[in-house]
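Enquirer: Can you keep this structure in mind? I'll have questions shortly.
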Amino acid sequence: MSAQQIVDAALAPKARFAGKKQIVIFSKSYCPYCRKAKTQIEGFTKTLSQSERDQLEVDIIELDLRDDGSAMQDYLETKTKQRTVPNIFIGQKHIGGSSDLAPYTNDKIKEVLFAV
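Numbering (the UniProt record's numbering), first residue to last: 1 to 116.
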């Protein structure tokens with residue numbers, strides 16, 4: 001599977017997750033901005049009810065731990081016009097990086113995530 005196919009599969013509507021909502025973070029394990037974004041999303045998930053958590057799939061793809069991570073990052077740049085990490089998607093919406101996610105309250109994340 002090519003890097004492009006892997007990224008597209010990660011961002012595709014998740015029929016394989018039986019209709020679950022999804023948050024995807026393309027990250028690097030050593031990046032402090034990525035850690036900040038992952039911590040914010042982790043905090044958000046703790047505010048959800050059990051039934052809401054059951055509807056959620058959080059995928060964190062550590063690009064630096066993959067042989068094809070650089071190619072994936074190149075493709076993300078063409079897709080989102082953003083080369084930096086984290087590169088965050090909530091539902092089907094591209095949020096951007098850590099500073100773009102930071103102003104999102106838990107209520108705003110929930111609104112975007114559970115939007116029809």
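The C-beta atom is built at its ideal place from N, Cα and C for all residues, glycine as well.
Consider the C-beta atom of Asp59 and the heavy atoms of the ligand NAP; say whether any pair is separated by less than 8 Å.
Expert: The ligand NAP is absent from the structure shown, which contains no ligand whatsoever.
Enquirer: Secondary structure at Lys28, three-state DSSP: helix, strand or coil?
Expert: Start at 1 with the first residue of the sequence shown, and residue 28 comes out as number 28. Coil.
Enquirer: Is the region 92 to 102 touching the region 34 to 47, taking contact as three or more C-beta pairs under 8 Å?
Expert: Yes, they touch.
Enquirer: Given a cut-off of 9 Å on the beta-carbon distance, is the pair residue 118 and Asp59 in contact?
Expert: Missing from the structure shown is residue 118; the chain here goes from 1 to 116 and no further.
Enquirer: Since Lys20 and Leu48 should fall inside the 8 Å C-beta cutoff, what is the C-beta to C-beta distance between them, to a whole number of angstroms?
Expert: In the sequence shown, residue 20 corresponds to position 20, counting from 1. In the sequence shown, residue 48 corresponds to position 48, counting from 1. Not really, about 12 Å apart at Cβ, beyond 8 Å.
Enquirer: Hey, Asp64 and Tyr30 are a contact pair by Cβ (cut 8 Å); roughly how many whole angstroms apart?
Expert: If you number the sequence shown from 1, residue 64 lands on position 64. If you number the sequence shown from 1, residue 30 lands on position 30. Right, the Cβ-Cβ distance comes to about 7 Å (below 8 Å), so this counts as a contact.
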